[in-house]
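Enquirer: Below is the structure I would like to discuss, written out as structure tokens.
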């Protein structure tokens, strides 16, 4: 009996350590999302395996929803759609990216539905990612948008709200030495101009990591448990002035990788157009109905842009009493944490 009690105390102590490390966020629970009042847009990256992102073959014959024309060699992702580029030469590295788009209107019968658009460096061949973009959500039935920036592994920061249909221009670049700038200029439908300049310091290793890819992406975010949140039905998003290292997205110095978002049933959710004649513009179009978007199943995303309305460590502590009701539950959680890779 004494040995058993000691073992139980050890289990409880170990659980406490795991909670302090923030590793107990493995029990899924539905949470309300509020991007306007929340600066915590958590992001993380899960390295894609060789079969997680691959060219879509014979899509027109497989898709039961609709038929769309995809750019050549389009890859698929569970929650990204747009364009990725990587340096054509392994000796090259990216130090700047720019792009603009109009913040889209959204619709949904699910009040928690969201959509996101952003540009960034890294996050494909490296776990390092520096990004800036917009996220849209419905509040009281009306669409609202927030500008955010993020430097993984830190949580994202909301900057300000802007009206739907605002035009936003984003630049991310290495200004000098270890200093990087993330800037945006938003022009609202009424003609008001809003701008912000963010400075961050990156060490050489991080800068090397983000220099391996550049992205212009429309995304279905996932929560801190890796579950895709409801995706809003989004107006067509046109990306323009898509440049990396001062050159057009289509420049010969880049290996171009169009990406379409695909559901677990094999249907295209959002897809990119071919590049425009200028080599630096394309559209991202929603391909399936709003009802299907709201009922997308939980799947393991290749890339994750995550958000939640409280910091994960505080959330775990606040809800401890509601999650665990027995020492058996504690034992199960300890087993889960020690036998499952956490992102």
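Numbering (the working numbering), first residue to last: 4 to 346. Positions of the beta carbon are idealized from the N, C-alpha and C atoms, including for glycine.
#1: If you count every other CB in all the chains shown that lies within 10 Å of the CB of residue 154, and 16 or more means buried, which is it?
#2: Starting from the C-beta of residue 93, find all residues in its chain whose C-beta is less than 6 Å away, skip the five residues before and the five after it, and write them out in chain order.
#3: Hey, how far is the Cα of residue 150 from the Cα of residue 257?
#4: Do you know how far the Cα of residue 81 is from the Cα of residue 71?
#5: Do residue 233 and residue 143 have their CB atoms nearer than 8 Å?
#6: Using a Cβ-Cβ cutoff of less than 8 Å, which residues in the same chain neighbour residue 282 once the five nearest sequence positions on both sides are dropped?
#7: Residue 223: which of 274, 165, 73 and 98 sits nearest, CA to CA?
#8: Report yes if the CB atom of residue 119 is closer than 8 Å to the CB atom of residue 136, and no otherwise.
#9: With DSSP collapsed to three states, give me the class of residue 280.
#10: Residue 104 and residue 242: beta carbons closer than 8 Å?
#11: Taking residue 244 as the reference, which of 196, 95 and 99 has the closest Cα?
#12: CB residue 152 to CB residue 205, shorter than 8 Å?
#13: Go ahead and pull the three-state DSSP assignment for residue 130.
#14: Return the CA-CA distance between residue 85 and residue 262, expressed in angstroms with no decimal places.
#15: Could you check which residue in 286, 217, 213 and 168 has the C-alpha nearest to that of residue 181?
#16: Put residue 348 into one of helix, strand or coil per three-state DSSP.
#17: Compute the beta-carbon to beta-carbon distance between residue 215 and residue 89, rounded to the nearest angstrom, for a pair I have assumed lies under 8 Å.
#18: By Cβ distance, which residues of its chain are closer than 6 Å to residue 276, with the 5 residues on each side in sequence left out?
#19: Would you report the Cα separation of residue 249 and residue 128, rounded to the nearest angstrom?
#20: Taking 8 Å as the limit between beta carbons, can you name the residues of its chain near residue 183, skipping five residues before and five after?
#21: Residue 221 by DSSP, collapsed to three states: which one?
#22: Taking C-alpha atoms, which residue in 131, 122 and 138 lies nearest to residue 109?
#23: Assuming residue 86 is part of the beta strand (DSSP E), what are its boundary residues?
Expert: The structure says:
#1: buried
#2: none
#3: 28 Å
#4: 17 Å
#5: no
#6: 251, 252, 253 and 254
#7: 274
#8: yes
#9: coil
#10: yes
#11: 99
#12: no
#13: coil
#14: 5 Å
#15: 213
#16: Because residue 348 is not part of the residues shown, which for the chain are 4 to 346, the question remains open.
#17: 6 Å
#18: 285 and 286
#19: 21 Å
#20: 133, 175, 176, 177, 202, 203, 204, 205 and 210
#21: strand
#22: 138
#23: 83 to 90
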